[in-house]
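Engineer: Under the working numbering, the residue at position 110 of the sequence shown is numbered 125, and the numbers go up by one with no gaps.
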Amino acid sequence: MIANHKLLIDQNCPMCNIYGKTFKKFNMLDQESITPYQIVGEELTCSIDMHRAQNEVALHDTVTGKTIYGLDSMIEIFAQGKNWIKKPLQFPLVYLPLKQLYNFITYNRKVIAGNAPSPAEDRVCEPDFNYFYRTLFIVLTALFTGLVLNSYTNHITNYFGFTTPWFVEYIICFGQVVWQGTMILLWSRKNSWDYLGNMSAVSTLGGILLLPLLFMNSFFDFSGIVFLVYFMVVVGIMLLEHLRRCSNMNLGYLPTISWLSFRTVVLFSIIWIFN
Numbered sequence: 016m017i018a019n020h021k022l023l024i025d026q027n028c029p030m031c032n033i034y035g036k037t038f039k040k041f042n043m044l045d046q047e048s049i050t051p052y053q054i055v056g057e058e059l060t061c062s063i064d065m066h067r068a069q070n071e072v073a074l075h076d077t078v079t080g081k082t083i084y085g086l087d088s089m090i091e092i093f094a095q096g097k098n099w100i101k102k103p104l105q106f107p108l109v110y111l112p113l114k115q116l117y118n119f120i121t122y123n124r125k126v127i128a129g130n131a132p133s134p135a136e137d138r139v140c141e142p143d144f145n146y147f148y149r150t151l152f153i154v155l156t157a158l159f160t161g162l163v164l165n166s167y168t169n170h171i172t173n174y175f176g177f178t179t180p181w182f183v184e185y186i187i188c189f190g191q192v193v194w195q196g197t198m199i200l201l202w203s204r205k206n207s208w209d210y211l212g213n214m215s216a217v218s219t220l221g222g223i224l225l226l227p228l229l230f231m232n233s234f235f236d237f238s239g240i241v242f243l244v245y246f247m248v249v250v251g252i253m254l255l256e257h258l259r260r261c262s263n264m265n266l267g268y269l270p271t272i273s274w275l276s277f278r279t280v281v282l283f284s285i286i287w288i289f290n
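The structure is reproduced here in structure tokens:
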């Protein structure tokens, strides 16, 4: 267990709270080490780069006064002082990909978690906006969703007696980004990147929820009707989550109406073209 340290986390971020509780549960940090960024005292703020700590979680040694950030702090916690764990993780061929993964998550953590804005009275703990990692998040989630849907919808279309080319779902997923991106620029330009990130997170949630049925179908060979009904349930969950996130961003119902309109037009277009 690492003692005499302070790990600064965003108390309003569900992801941060989860890994903070995990560190405590597995005795990787003592009970006093987890400290909300919003309420950390002045005795620490003068020793910690508070702006950097918004982007990269800070681990402060209260004995030496040294602070490490981001991936380095995570490695320190996981290694628990054991060099045979730390050294391989710090090897450049391992460290550099992990660093990119860490940055990918940390700069998108707000749209991944989809939590409401922090209370106005709190010290701000928002990650800086990064065009590269947000664009990468949107592209990768569209590719992932297209891949899952390509496998999933085949079971439905085959049941109804027609098939679609493998690239259709990818066109739909990226088309959704372009369509919603255009709409959000007209409604709320300042929220455009945050909205697209949240929309992509909702799409990813839908893709993940479809995976269990695809996996179980390897053993039970479900009917196309089962795939259709389950798909509608997942769409319902996605709709509720989309509404929740739009409410958090004060965007109202228009983005959700546009989102549903695009999907409806696409559905009837597919039936008309391929059936």
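Where is the CB? At the ideal position from N, CA and C, for every residue including glycine.
Model, not experiment: these values are computed from the prediction.
1. Please tell me whether PHE159 and GLY85 are closer than 7 angstroms, where the distance is taken between their beta carbons.
2. Can you list the beta strand (DSSP E) stretches of 3 or more residues lying completely in the stretch 57–98, in chain order?
3. Can you tell me whether PRO142 is helix, strand or coil according to DSSP?
4. To the nearest angstrom, report how far apart ASN130 and TYR148 are at their CA atoms.
5. Assess, as a yes-or-no matter, whether the stretch 262–278 is touched by the stretch 189–204 under the definition of 3 or more beta carbon pairs within less than 8 angstroms.
6. Would the stretch 102–118 count as touching the stretch 74–89 if we require 3 or more Cβ pairs under 8 angstroms?
7. Is there contact here, the stretch 176–188 with the stretch 239–257, by at least three beta-carbon pairs under 8 angstroms?
8. Over the uninterrupted alpha helix (DSSP H) stretch that includes LEU224, give me the two end residues.
9. Can you give the Cα-Cα distance for GLN69 and GLU141, rounded to whole angstroms?
10. When you compare only the Cα positions, how much space is there between LEU220 and ALA128?
11. Report buried or exposed for GLY35, applying the criterion of at least 16 other Cβ atoms within 10 angstroms of its Cβ.
12. Compute the Euclidean distance between the alpha carbons of LEU291 and GLY239, then round it to the nearest angstrom.
13. Is the stretch 17–25 close to the stretch 38–56, with three or more CB pairs under 8 angstroms?
14. How many angstroms separate the CA atom of LEU229 from the CA atom of LEU243?
15. Buried or exposed: where does VAL163 fall if 16 or more other Cβ atoms within 10 Å of its Cβ makes it buried?
16. Cα separation between GLN333 and SER215?
Structural biologist: Walking through what the data contain:
1. no
2. 73–76, 82–84
3. coil
4. 19 angstroms
5. yes
6. yes
7. no
8. 207–235
9. 6 angstroms
10. 11 angstroms
11. buried
12. In the structure displayed, the chain extends from 16 to 290; residue 291 sits before or after that span and is not available.
13. yes
14. 12 angstroms
15. buried
16. Because the chain is modelled from 16 through 290, residue 333 falls outside the range shown and cannot be assessed.
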